[in-house]
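Protein chains in written order, with this note's numbering: chain A, 17 to 212; chain B, 922 to 1918. The beta-carbon is built from N, C-alpha and C at its ideal position, and this holds for glycine as well. Structure record follows, encoded as structure tokens.
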Amino acid sequence: MVERASPLGSDFRPGSYGDFVEGTGVTILEALKGSIVEASAWPGEEKTLAENLSAICRLKLSASPGSGAANREGTCAFNIGPGRFIVSGQGEALAGVIIAAIDESVGTVTDLSHGRAVFAVEGPKVEWVLAKLFALDFSLSAFPVHTGRATAHHDLFVQIQRRGEKRFELYVFRSFARAFAKTLRRASEDVGYAIR
Amino acid sequence: MSPRRSTSGGLIDRTRTVRFTFDGENLSGHAGDTLASALLANGVSLMGRSFKYHRPRGVFSAGVDEPNALVTLLRGGVREPNIPATQIEIYDGLRAESQNRFPSLAWDLGAVNQLGGRLIGAGFYYKTFMGPVIGPLKGTRFWMMCEHFIRRAAGLGRADYEADPSRYERVNAFCDVLVVGGGIAGLMAAEAAAKAGKRVILAEQEPVTGGFARWSGETNEGKQAHEWASNLTARLASLDNVRLLTRTAVWGYYDGNTLAALERVHDHVARTPKGHPRQRHWTIRATDVVLATGALERPIVFPGNDRPGVMLAGAARRYAAEFGILPGNRTIFFTNNDSAYEAAATIKRAGGHVAAIVDVRARISSAASELATAAGVSPLTGHAIVGTKCGKTLSRVFVQAYDAASGTLSGDARPLECDSLAVSGGWQPVLHLASQAGAKPVWDEEKQAFLPPEPTQRWAGAGAFLGTFGTVDALGSGRDAGLKCAGKRPSRGKLPEIAPEPLDLTPAPVLEIRGKGKAFVDFQHDVIADDVRLAHREGFVSVEHLKRYTTLGMATDQGKTSNVPGLAIMAAARGITIPEAGTTRFRPPYSPVAIGAMAAERYGDLKPERYTPIHDWHVDHGAEMTPAGLWHRPLVYAAAGETVEQAYIREAAAVRRSVGIVDVSTLGKIAVKGPDAATFLDRVYTNTFSTLKVGKARYGLMLREDGIAFDDGTTWRLGETDFLMTTTTANAGAVMQHLEYCLDILWPELKVHLTSVTDQWAGAAIAGPKARAVLERCVTGTRVDNETLPFMGIVHGEIEGAPVMICRLSFSGELAYEVYCAAGYGTLIWEALMEAGEPFDITPYGMEALGALRIEKGHVTGAEIDGRTTARDLYLDWMLSKKKPFIGSGLMDRPALIDKNRLRLVGVISLDGQKLGGGAHLVERGTPDEPGESIGHVTAFCYSPALQKYIGLALVRGGKARHGTRAYLSDPLRKRFGQVEIVSHHLFDPDGERMHG
């Protein structure tokens, strides 16, 4: 097995940063995903694709806008547009499994396992920090656990899935990972943050 | 400590002394003071100079409406001008300067402008500098002569040339109910909405909520009103569904109930804590909005109404009640309504002396009479102030009998001694946000004020905003507005008990007392009543014209104290009513916003930069990186002592001699998948892709719909329905957008999916005669010989155990391959290729060498595909299929696009051995000073190590027809003029033998 290099470089060092007067507001880490794919359904096949992905990944995924799901093994999926889903998991084989399993009559699957960097941001101040970057309502009622959103921070496309009450995973283009990490860190300074 | 501070009272913390400087003088105040209150407490009555006439000015208000006391703050070596002293909370070490004066505030040379009087009235510039029809100052010459001096004198305050090091940030917020204004009404609205379970944001521009309750002296539920407000605020703050934002001015109301606010997070402390912003820009999206923005007191316009010592009556009351400061030793009140009587009583209670109350009304209410008695005076009704006298400070006013009904003065003016004058011309609800939201305010004749319009967005008004100025009304309307926004009916529940309010704040319709001398309407822009009448006489009668001709209401205070009086004067001049005269539409911002707050984090080092997977290797190996769009790419890998030119020449020569390697990860890559993918590509490319075999790549050209060349690149067929399209680095986003447009709008029936995979793949191009030998040393799982991997062929293999995809194609004109791998293996593969190339002295090369190699070969890039050229201009017409339509095919043959005199691609060679210049013009003949007509321009140039000459590509009229001719390079900006030869753009290896070898 060949080891992948992180896109984040040496600046993204574990440690504690910012203003810690009131403790650590958020923890930021690179969520390592063995597989990331974008699965897209042909018009009319959205539900079938969601069902197929659910069956392959053992998820309860629906085709409704913003829907999402996750299982205990860490495989998760969420909707990023009409008939489009991001699916990710720990195993590197998952991408190949999904690509092989989705019939071309239903849609297409593109491997993005190396093309996206994923940040996990968690902690009591996570909604506050993310609100600085995105025009999204991060309250639990508006953005329930497992659901997803496709959005942007300035020129940077970001796809976000809520993975817990106080945890979000943010998918960015790999080449932007360092710049986004810097932005994320800067936004977290006032609440104090840790990198793990 | 202070000549003006009362011995007790106020809400300031008298146990904490705060030291600051004003114009270099050491002064002190107390925690809770504003700069204005602290200066007043120190006996400073002169705080600024007016804009045009440089008249001495003192503080006029106590809040956001301050037009006079604008100061410059000095923070960390940076100047911030035009901040109202009423909005500055003092802190230890605060440094403030007065502005618009020279050499000092007390002795200002600019005050000579006062002698100019009428000469520099409204329209001064337009009239004075038109110039005579004849003579030496004809036309605009006089203006040109004076412009320098006028520009030096113009402006208010002085901006800094230094970069602002402060930190700003932006934040988004969503809520069910946004309450704008934290006064009594706002607090009640927030509580009602919060109790109904709504998510509430309450924004208050002052440091503390409570508004009028802080200085009213009233009691609510048996408590001091300010205590009641504090308790309610604390209860709200304890609720999870309420966010309290103090020091936050909501300054813009936009469509979709989106509002903009500025939070002055740490302007009130000397040092911003680590990681915190100085100011924060809020974008708030609210389902419903409660506008509880209160009301602002209006002045009365009369001669000499701008003297230091003249202030609004409500401001005098607030300074006394909230800050424990008396406006003067002898204060006179001048009013057209009852509110000034409360202010007078407050001053008296605070220990001040009320010298007189002058009221334009012939009769006043009994409640007002009682307050006058409490203030220790008998009101002088049916009188008006017609003038003031002032040395350094106000010394007396002149009073004359006045008939409010007819607006006439009678009898003689008599002086009254005083050192402060408090004026009230009634109250105007703050409608700015409602106006911004899209509706026109409505004039109320009885209240003599503009009132809120019918909402055009989801907002509800509360409190004084509605034109009801009593506390009971504020409590009730606030609660009802909160309930309404929560989807509930108005409550009949008991409201907090308050002391009775018998006063009637309805003013007499008197906003101006005409007399001799300058009577100021807009204090900040020095617009006087006669300016408004002048505008009327000269035909600028529309309020919009009035505003622009006189600049009334256009200063940083946005006319908060001047709009209604100005309108009233114009209406009187026209003989019409105020509503007939109309009102202007308020525009954002309600109060000034630092540009830094709007730019927030999108400047400095927080930029959306892109790095290739191999970036660190480049940096570690001495690459000089250069931005290419958002990407960072190696320019050259200069050895010690090498210039950029020397480095790229060495690198390019190494490619031609042996082998080089360049990072091409930045090329745009789009996965094009689906059963109709080939059909789709046939339509977007000028050439055919449906015939491309799996495992092969083809060079493609796209046109825009207007027939102009758009982008080029290779597309690889990885499967029957699976293509990998590459684009130029710069156009990756534009091509993706274009393709998505085509699929979504033009051909939605096609079953094709597009996914950006630029970042999925790392790419390295290996070029040079030894390129194949390098691959043979490291690639496993496939052969790379000519049969297995012919030109434009694709193979899959492994390097160091990582899967790779290799395509044989060339941008350099050499035998070359592009090796793609998953991005996470990019550096691994790069290093493996470097190691495999060691025996051949493999040389990494950057963009400069890449450019030199492609110029030698005549390959085009964005410099030639510049949005103006066609495929024929670039001699790419061989790629224009005649068998199928494609995007651009319908318009590419328009006469203008096939004109033989169009600029077309050629090569150029410098004949004098000197560099060419990108963008330099080519001329047929001429001299350096008179170069003659341009026949084209150089698009790219380099020193060619292969040809040992400076060469370039150019777009020249006639193109190929000029091969073998000579021309001159004319580049006046770089002071360059020299002869060139025009040749084929295929400058090196025109038959491509090296590439196919």
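Supposed contact pair residue j and residue i - C-beta distance, whole angstroms, cut 8 Å
i                 : j                 : result
Pro1555 (chain B) : Met1768 (chain B) : 7 Å
Asn1608 (chain B) : Gly1616 (chain B) : Going by Cβ atoms, the distance from Asn1608 (chain B) to Gly1616 (chain B) rounds to 18 Å, so no, they are not a contact pair.
Phe1371 (chain B) : Pro988 (chain B)  : Phe1371 (chain B) to Pro988 (chain B), Cβ: 19 Å. No contact.
Asp1680 (chain B) : Gly131 (chain A)  : 4 Å
Val103 (chain A)  : Asn68 (chain A)   : At roughly 11 Å, the Cβ-Cβ gap does not stay under 8 Å, so Val103 (chain A) and Asn68 (chain A) are not in contact.
Ile1687 (chain B) : Val1580 (chain B) : 6 Å
Val1576 (chain B) : Gly1689 (chain B) : 5 Å
Distance between residue j and residue i (C-alpha atoms, nearest Å)
i                 : j                 : result
Thr1676 (chain B) : Gly1595 (chain B) : 11 Å
Met922 (chain B)  : Leu1108 (chain B) : Below a pLDDT of 50, predicted positions are generally treated as unreliable, and Met922 (chain B), at 43, falls in that range; the measurement from the model is reported next regardless. Taking the straight line from one Cα to the other gives about 36 Å.
Gly984 (chain B)  : Ala1494 (chain B) : 31 Å
Leu1588 (chain B) : Ala168 (chain A)  : 22 Å
Lys1778 (chain B) : Val1859 (chain B) : 16 Å
Gly1839 (chain B) : His1069 (chain B) : 37 Å
Phe28 (chain A)   : Phe159 (chain A)  : 28 Å
Gln1869 (chain B) : Ala1573 (chain B) : 12 Å
Glu1459 (chain B) : Thr1471 (chain B) : 12 Å
Lys1269 (chain B) : Val1431 (chain B) : 26 Å
Leu1843 (chain B) : Lys1803 (chain B) : 35 Å
Phe1435 (chain B) : Tyr1323 (chain B) : The sequence as given places Arg at residue 1435 (chain B); Phe does not occur at that position. Roughly 11 Å between the two C-alpha positions.
Ile1591 (chain B) : Trp1203 (chain B) : 37 Å
Phe1212 (chain B) : Gln1378 (chain B) : Checking the sequence shown, residue 1212 (chain B) turns out to be Leu, not Phe. Answer to the nearest angstrom: the Cα atoms are 12 Å apart.
Ala1017 (chain B) : Lys1409 (chain B) : 49 Å
Glu1090 (chain B) : Asp1161 (chain B) : 24 Å
Ala1402 (chain B) : Ala1381 (chain B) : 6 Å
Where residue i meets chain A, residues with beta-carbon distance less than 9 Å
i                 : result
Pro1548 (chain B) : Per Cβ cutoff of 9 Å: no residues; Pro1548 (chain B) is ~12 Å from chain A at best.
Leu1551 (chain B) : Asp171, Ser191, Phe192 and Ala195
Listed by chain order, chain B residues near residue i by CB distance under 9 Å
i                : result
Ser51 (chain A)  : Simply none; closest approach about 11 Å.
Ala21 (chain A)  : Pro1534, Asp1537, Ala1744, Gly1745, Tyr1746, Gly1747, Thr1748 and Leu1749
Asp35 (chain A)  : Pro1194, Lys1195, Gly1196 and His1197
Val134 (chain A) : The premise fails here: Val134 (chain A) is roughly 13 Å from chain B at the closest Cβ pair, so nothing lies under 9 Å.
Beta-carbon neighbours of residue i, restricted to chain A and to distances below 7 Å
i                 : result
Arg1092 (chain B) : Note that residue 1092 (chain B) corresponds to Val in the displayed sequence, not to Arg. Going along chain A in sequence order, the residues near Val1092 (chain B) (Cβ under 7 Å) are Ala147 and Lys148.
Pro1486 (chain B) : Those do not exist, as Pro1486 (chain B) stays about 41 Å from chain A at its closest Cβ, beyond 7 Å.
Leu1613 (chain B) : Simply none; closest approach about 19 Å.
Within chain B, the residues that residue i reaches when beta carbons sit closer than 8 Å
i                : result
Arg194 (chain A) : Glu1530 and Tyr1532
Ala151 (chain A) : Asn1093, Thr1204 and Arg1206
Glu54 (chain A)  : Thr1676
Glu205 (chain A) : Lys1195, Gly1196 and His1197
Thr199 (chain A) : Glu1522 and Leu1527
Gly39 (chain A)  : Result: empty, since nearest Cβ-Cβ is about 13 Å, beyond 8 Å.
Partners in chain A for residue i, counting only beta-carbon separations shorter than 8 Å
i                 : result
Asp1161 (chain B) : Per Cβ cutoff of 8 Å: no residues; Asp1161 (chain B) is ~11 Å from chain A at best.
Across the segment 926-941 of chain B and the segment 195-208 of chain A, are there enough close Cβ pairs to call them in contact, namely three or more that are closer than 8 Å?
no
Specify whether the segment 193-204 of chain A and the segment 965-981 of chain B touch according to this definition: at least 3 beta carbon pairs, one from each stretch, less than 8 Å apart.
no
So, do the segment 1530-1544 of chain B and the segment 1505-1514 of chain B have three or more beta carbon pairs nearer to each other than 8 Å?
no
Which of the residues in the segment 1586-1604 of chain B, read from start to end, lie with their CB under 7 Å from any CB of chain A?
Ala1592, Lys1594, Gly1595 and Pro1596
Using Cβ-Cβ distances below 8 Å, what residues of the segment 1193-1219 of chain B are close to chain A?
Pro1194, Lys1195, Gly1196, His1197, Pro1198, Thr1204 and Arg1206
Could you please tell me which residues of the segment 155-167 of chain A, in chain order, have their CB closer than 8 Å to any CB of chain B?
Ser155 and Ala158
Pull out every residue of the segment 1719-1740 of chain B whose Cβ sits closer than 8 Å to any Cβ of chain A, in chain order.
Glu1721, Gly1722 and Ala1723
With 9 Å as the C-beta to C-beta threshold (strictly closer), list the residues of the segment 99-128 of chain A near chain B in chain order.
Arg100, Glu120, Ser121, Gly123, Thr124, Val125, Thr126, Asp127 and Leu128
Could you tell me whether the segment 1101-1118 of chain B touches the segment 1129-1137 of chain B, using the rule of 3 or more Cβ pairs below 8 Å?
yes
Along the segment 1406-1419 of chain B, where does the CB come closer than 9 Å to a CB of chain A? Name the residues.
none
Report yes or no: do three or more beta-carbon pairs, one from the segment 1355-1368 of chain B and one from the segment 1498-1510 of chain B, lie closer than 8 Å?
yes
Taking 8 Å as the cut-off, does the segment 1811-1827 of chain B touch the segment 1631-1647 of chain B (at least 3 CB pairs, one atom from each stretch)?
no
Short of 7 Å Cβ to Cβ, which residues in the segment 1642-1674 of chain B face chain A?
Thr1642, Lys1672 and His1674
Could you tell me whether the segment 132-144 of chain A touches the segment 31-49 of chain A, using the rule of 3 or more Cβ pairs below 8 Å?
yes
Counting pairs of Cβ atoms below 8 Å between the segment 1700-1717 of chain B and the segment 1726-1740 of chain B, do you hit three or more?
yes
Which of the residues in the segment 1674-1708 of chain B, read from start to end, lie with their CB under 7 Å from any CB of chain A?
His1674, Thr1676, Val1678, Asp1680 and Gln1681
Do three or more CB pairs link the segment 1342-1352 of chain B to the segment 1231-1245 of chain B at distances below 8 Å?
yes
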